[in-house]
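Residue numbers (the numbering used here): 3 to 169. Think of the CB as a built atom: it goes at the ideal place given N, C-alpha and C, for glycine as much as any other residue. Please read all numbers here as calculations on a predicted model, not as lab measurements. Since the structure comes first, as structure tokens, the remarks are kept for the end.
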């Protein structure tokens, strides 16, 4: 999904004004977090525990990204893709309710596993905030992030293909 289509999805949500504008590195994260809050709220009454689990994990991942001090902007595309998958899940539930395919259950479980792995890498990024630790670990952490970015892209594609078949 292109950055343009993400911005149109996310543009409907505004960042609350507080003490002036947010730093540039946070401008993109606020709307994504707000979108996930809306998606999560809209599925509160859904009787599918796997959906609630996935959305809770999405929220946890975004909160971990929010705590990353350095190199946060390198996580932007990953966060946008994660939010896009969460929106696809919510749209499928809205459209099909209890008739969602078993395939979606499997995809949600796979998505949650990948998100848990991403969360581990994000926690490692938080631990390596000092300059020396960052120098020692940054390339391996970024390699991990790129690997999970590829997995998220593949999952996103699978969710979109299945969504098209259900229509």
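Distance from the Cα of residue 72 is smallest, within the candidate group 152, 87 and 125, for 125.
Within 10 angstroms of the beta-carbon of residue 51 lie fewer than 16 other beta-carbons, which makes it exposed. With contacts defined by Cβ atoms closer than 9 Å, residue 97 and residue 60 do not form a contacting pair.
Rounded to the nearest angstrom, the gap between the Cα atoms of residue 64 and residue 121 is 9 Å. Going by C-alpha positions, residue 31 is about 16 Å away from residue 89. Assignment of residue 50 by DSSP, reduced to helix, strand and coil, places it in the coil class. A contact is defined here as three or more CB-CB pairs under 8 Å, and the stretch 35-44 fails this definition with respect to the stretch 104-120. For residue 37, the enclosing alpha helix (DSSP H) has its first and last residue at 31-44. Residue 33 is classed as buried because its beta carbon has at least 16 other beta carbons within 10 Å across all chains shown. Around the beta carbon of residue 148, a 10 Å sphere encloses fewer than 16 other beta carbons of the protein chains shown; the residue is thus reported as exposed.
Assignment of residue 73 by DSSP, reduced to helix, strand and coil, places it in the coil class. In this structure, residue 91 sits away from residue 67, with a CB-CB distance that is not shorter than 9 Å.
Around residue 151, the same chain offers 79, 80 and 83 as residues with beta carbons nearer than 8 Å, after the five sequence neighbours per side are excluded. Taking each of 144, 156, 154 and 161 in turn and checking the Cα distance to residue 76, the smallest one comes out for 144.
Setting aside the 5 residues that flank it on each side, residue 153 is surrounded in the same chain by 116, each with a C-beta closer than 6 Å to its C-beta; the list follows chain order. According to the DSSP assignment, residue 91 belongs to the alpha helix (DSSP H) that extends over 78-98.
The three-state secondary structure of residue 102, taken from DSSP, is coil.
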